[in-house]
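So the sequences go chain by chain: F and P.
To convert, take the position in the first sequence, counting from 1, and add 26; that gives my numbering.
With my numbering, the residue at position 645 of the second sequence is 632, and numbering never jumps.
Here is the structure we will look at.
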Amino acid sequence: MNDMKLQLKIWRQRSADQKGHFETYTVQASEHMSFLEMLDVLNEELISKKEEPVVFEHDCREGICGACSMVINGRPHGPSKGTTACQLHMRSFKSGDTITIEPFRAKGFPVIKDLAVDRSAFDRIIQSGGYISVNTGQAPDGNSIPIEKDQAGKAFDAATCIGCGACVAACPNGSAMLFTSAKVSHLGLLPQGQIEHQNRVQSMVAQMDKEGFGMCSNTGACEVECPKEISIENIARLNRSYMASMFTSDK
Amino acid sequence: MSKINLESKVPKGELAEKWTEYKGSMNLVAPNNKRRIDIIVVGTGLAGASAAATLGELGYNVKVFTFHDSPRRAHSIAAQGGINAAKNYQNDGDSIWRLFYDTIKGGDYRSREANVHRLAEASKDIIDQCVAQGVPFAREYGGLLANRSFGGVQVSRTFYARGQTGQQLLIGAYQALARQASHGKCTIYNRHEMLDIVKVDGKARGIIARNLLTGELERHSAHCVVLATGGYGNVFYLSTNAMGCNVSAAWRAVRNGALMANPCFTQIHPTCIPVSGDYQSKLTLMSESLRNDGRVWVPKTKEDAEAIRERRKVGKEIPEEDRDYYLERRYPAFGNLVPRDVASRAAKTACDEGKGVAPTGLAVYLDFAAAIERYGRAEAFSNGNTNPSEEQVRSLGEKVIEAKYGNLFQMYEKITGENPYKNPMKIYPAVHYTMGGLWVDYNLETNVPGLFALGEANFSDHGANRLGASALMQGLADGYFVIPYTIGQFLSGEIRTPEIANDTEEFMKAEEGVKNRIAQVMNTKGNQSVESFHRRLGKIMWEYCGMSRNAEGLKKGREMIQELRKEFYADVFVPGTNEEFNPELEKALRVADFLELGETMMVDALDRNESCGGHFREEYVTEDGEAKRNDEDYTYVSAWEWTDDDEVILHKEDLKFDNVELKTRSYK
């Protein structure tokens, strides 16, 4: 059953303030396992030897919670297109492979331990304006706001962001433009989100800069690595909105 | 035995007027007092995030706790299919009454009438609220909201956002919470796990939380505590729940005197990707919405099934006349859209008869060929092609299916490596949701004053079986529209209570207790991993308290869990230390609580000598193999107390049905 033999080079780092290093392990796996199940097997082995298991973040294991955050062979979430690390299966590898696993690396995402990083900056970007200001109970009837189907679809495409941070990890500048622009697009493409659009663009971009994320230089790596395949058109839209808000906002 | 009074506090009056009249007459807390009152909310899924945001909007000071790195990761995010609402936008005869009735009947008459009616009333407001927040629900060409059907009902009342409805609703609630955080009304404690409740003079006044990054224990005080911590499906180890889902917050409430209601009512979802190996860590759901278009079948003969299992044949080679579309055959009125409990048992029956189609023998087909054909023809026709080729029909039909369920089909292919457009999907039931939960009254308050439970964490609305697309509805109804009112009934009596101190004897004692529990699992230094105990517990639960149960098995299961618990405390090994980020320690504390809950579930299932909803006792079946309910003796809520001597004691709340007649639930 477990007929794949793999060599793993995994980044081990005890805490944020200690130096990390690569550690090499071998593991027997099956091609039907998910990538994280293969790591489970490794961890069970380490625990049985009274060694410390590799810390990695994961939760839903079906590609939607956005918790998993590892770079596999140099690519955030690994080699398969439109796939989170938890949905990656071992059939994408072959016996004898050496696989390198490291944490997302970016100034905005300090390492916590091994493969786990701190992505709370994303929460603060949303808190700076990534919402529509409507209290519970204030809403009109749902059908009183008709939205053209394609327009709703575009907003949806941007709204599928899972907040994993692969875009930041993929970017040579550690920029969070894809994440921020996806939220700006999701809300800005809907009539409900129009009223606060300009303020939202200004304050989210300001917060993004404050968190230490880099500038966007249009390399497009974020779009390639995004497990939800969110388009860099959103970045163009954000840039247009940002410029427009600079000229027209009276704030 | 202590005397516990389970008063439901359902207000008087006509069913349809109760909630409105109650809201109009309940005690309020004035804005100047709200500013002085602190509320702790544990959990940031749909119920927790919506409650915290709304309570913040009202002016309370809210402290929000989640063990995740961000509130947005709560497991509500993974709900796929949709959310029900009695909008009747489709003009197909829906109404608040019908949603109420479907939910009561779907729950096999084991839920409280007044709570369910209130849920149906709130359903309409939820959709409005979410649209206003920017939730991108599916729309028709005219720009208005679209609907689809779910199991157990005959109207189209489910609102959806592709196969990611939970994600979109949670992002809506998360953003509402983020907004309150930016206003300073909600303080969010990420990566903090609640490890105990603190009671002062009998009232819930705070929690002990562990900072998961540093291991430090923190004492947090408030005027009341709201738990929105989800369900306990992971007691089965393998389930569709996320890896971190756990019962600990709810179980800590039980260990502080709250009662666990109907714990044996667990939902086994019929359409999940089947188990493929021992290494498996979790199971993946394929949304119930697929049963709108997918037809469930197995081969008529064992020989064909065996040939498929041995890979001598594939499903699509079985001719139409040799297939048994058993749901359509057994339940013609609802067909493939029977409720979950019914569909799951039927799949088990088919596999027990030797007709399973996976190498393990545990899978049935969910086939889209007929829908692809039907949609393909319609699409060709509307394109002006009245005589399309087979190939054109297929290709057009596949496009329609892709537009409706694309992400689910993609997920299936990623996991199994098989293309579901070309071959029928293989599915099998898996643990998905828990109807049981903390006992709460009409105010969603447990029997511990000041301690509230919302969403899946309470037992309140789904009886013995939950209908599809109702979990999201209940989570948001509780959080947005119920607790913001009912919490005032408790807090209006607290306006003179000053800020609660967090260094009193009660807090120190609770903190000490948590320290001891942590030390106990850290210091055992045995030889078996936490994971291995969890896996063994799951196997016991699935074997003896799973899709079908009997008295003998339940007694045996209980003993096995007691043994396993002893072994756990004697031989568990937790690596690392308490003073650091240590996921193994987190898991150990959760598994310890599961080991007590599991026993309670066995006891509950043994007490309930009837089959109803998700609880199927082999001794109680009708002649044609359907569940046999016993209304005479079991029309009650079982609320279990766990004593300090590890005894499990039953308390009952009798259910009264003044508006619906208790009938045999038939979908035939």
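Glycine is no exception: its CB is placed at the ideal position from the N, C-alpha and C atoms.
Within chain F, partners of residue i - CB distance below 9 angstroms
| i | result |
| --- | --- |
| E518(P) | D66, N69, E70, I73 |
| Y76(P) | G168, N169 |
| N177(P) | S146, D149 |
Residue i at chain P interface by Cβ criterion, 9 angstroms
| i | result |
| --- | --- |
| C252(F) | no |
| M30(F) | no |
| T274(F) | no |
| C86(F) | yes |
| I138(F) | yes |
| L62(F) | yes |
| H103(F) | no |
| E83(F) | yes |
| R38(F) | no |
Chain F within 9 angstroms of residue i, Cβ atoms only
| i | result |
| --- | --- |
| L148(P) | According to the sequence as given, residue 148(P) is Ala; it is not Leu. True, the Cβ-Cβ gap to chain F drops below 9 angstroms. |
| D115(P) | yes |
| Q397(P) | yes |
| M(-12)(P) | The pLDDT assigned to M(-12)(P) is 48, lower than 50, so where the model puts this residue is not dependable; a value taken from the coordinates is nonetheless given after this. Not one chain F Cβ lies under 9 angstroms of M(-12)(P). |
| R126(P) | yes |
| M230(P) | yes |
| F555(P) | no |
| L131(P) | yes |
| H521(P) | no |
| I402(P) | yes |
| I158(P) | yes |
Where residue i meets chain P, residues with beta-carbon distance less than 8 angstroms
| i | result |
| --- | --- |
| A232(F) | Result: empty, since nearest Cβ-Cβ is about 13 angstroms, beyond 8 angstroms. |
| S56(F) | G264, Y266 |
For residue i, the first and last residue of its enclosing beta strand (DSSP E)
| i | result |
| --- | --- |
| P286(P) | 282 to 286 |
| Q182(P) | What sits at residue 182(P) in the sequence shown is Leu, not Gln. Looking at the DSSP string, the run of the beta strand (DSSP E) that includes L182(P) is 179 to 187. |
| E237(F) | Counting along the chain, E237(F) falls outside any beta strand (DSSP E), and DSSP gives it neither H nor E. |
| A719(P) | No answer is possible for residue 719(P): it lies beyond the span of chain P, which begins at -12 and ends at 655. |
| I474(P) | Looking at the DSSP string, I474(P) is not in any beta strand (DSSP E); the run it does join, the alpha helix (DSSP H), is 470 to 478. |
Residue i: contacting residues in chain F (beta-carbon distance under 8 angstroms)
| i | result |
| --- | --- |
| R577(P) | Result: empty, since nearest Cβ-Cβ is about 13 angstroms, beyond 8 angstroms. |
| F560(P) | I73, K76 |
| L200(P) | I138 |
Contact under 9 angstroms by Cβ, residue i with residue j
| i | j | result |
| --- | --- | --- |
| K31(F) | T52(F) | yes |
| L665(P) | Q155(P) | The requested residue 665(P) is not part of the displayed model; chain P covers only -12 to 655. |
| V285(P) | N323(P) | no |
| H658(P) | T53(P) | One cannot answer for residue 658(P) here, as it falls past the ends of chain P, which runs -12 to 655. |
| K643(P) | E100(P) | yes |
| A614(P) | G600(P) | yes |
| D632(P) | A451(P) | no |
| K5(P) | G46(P) | no |
| F355(P) | D280(P) | yes |
Within chain F, partners of residue i - CB distance below 7 angstroms
| i | result |
| --- | --- |
| F581(P) | Near F581(P) there are no residues of chain F at all, since even the closest Cβ is about 17 angstroms away, more than 7 angstroms. |
| N478(P) | Note on residue identity: the sequence assigns Leu, not Asn, to residue 478(P). Ordered by position in chain F, no residue passes the 7 angstroms Cβ test against L478(P), which lies about 17 angstroms from the chain. |
| K615(P) | Those within 7 angstroms of K615(P) in chain F number zero; the least Cβ separation is about 36 angstroms. |
Contacts of residue i in chain P (Cβ-Cβ under 9 angstroms)
| i | result |
| --- | --- |
| H223(F) | The contacting residues do not exist; H223(F) stays about 11 angstroms from chain P at best. |
Near the ligand ADP: residue i beta-carbon under 8 angstroms from a heavy atom
| i | result |
| --- | --- |
| K209(F) | Absence of the ligand ADP from the depicted structure is noted, as is the absence of any ligand whatsoever, leaving it without description. |
Residue span of the alpha helix (DSSP H) that contains residue i, given as start and end
| i | result |
| --- | --- |
| W238(P) | 235 to 241 |
| G159(P) | 152 to 169 |
| K(-1)(P) | Where K(-1)(P) is concerned, there is no enclosing alpha helix (DSSP H), given that its DSSP letter is neither H nor E. |
| D176(F) | 175 to 185 |
| H212(F) | 203 to 214 |
| F52(P) | Unbroken run through F52(P) is the beta strand (DSSP E), 48 to 52; no alpha helix (DSSP H). |
Proximal residues of chain P, C-beta to C-beta of residue i below 7 angstroms
| i | result |
| --- | --- |
| K133(F) | Within chain P, no residue comes near K133(F); the closest Cβ sits about 18 angstroms away, beyond 7 angstroms. |
Cβ of residue i within 9 angstroms of any chain A Cβ
| i | result |
| --- | --- |
| V160(F) | Structure shown: chain A not included; protein chains present are F and P. |
Inter-stretch contact at 8 angstroms, needing at least 3 Cβ pairs: the stretch 516 to 524 of chain P / the stretch 572 to 588 of chain P = yes
So does the stretch 155 to 167 of chain P actually touch the stretch 128 to 144 of chain P, counting three or more Cβ pairs closer than 8 angstroms?
-> no
For the stretch 259 to 274 of chain P against the stretch 416 to 426 of chain P, are there 3 or more C-beta pairs whose distance is under 8 angstroms?
-> yes
On the three-pair Cβ rule with 8 angstroms, is the stretch 99 to 116 of chain P touching the stretch 68 to 77 of chain P?
-> yes
Contact between the stretch 583 to 595 of chain P and the stretch 102 to 111 of chain F: three or more CB pairs below 8 angstroms?
-> no
Mind the definition here: the stretch 53 to 65 of chain F touches the stretch 209 to 225 of chain F only if three or more C-beta pairs lie below 8 angstroms; say whether that holds.
-> no
Could you tell me whether the stretch 429 to 447 of chain P touches the stretch 286 to 298 of chain P, using the rule of 3 or more Cβ pairs below 8 angstroms?
-> no
Does the pairing of the stretch 109 to 120 of chain F with the stretch 397 to 406 of chain P give three or more beta-carbon distances under 8 angstroms?
-> yes
Would the stretch 202 to 213 of chain P and the stretch 221 to 232 of chain P be scored as touching if the rule is three or more Cβ pairs under 8 angstroms?
-> no
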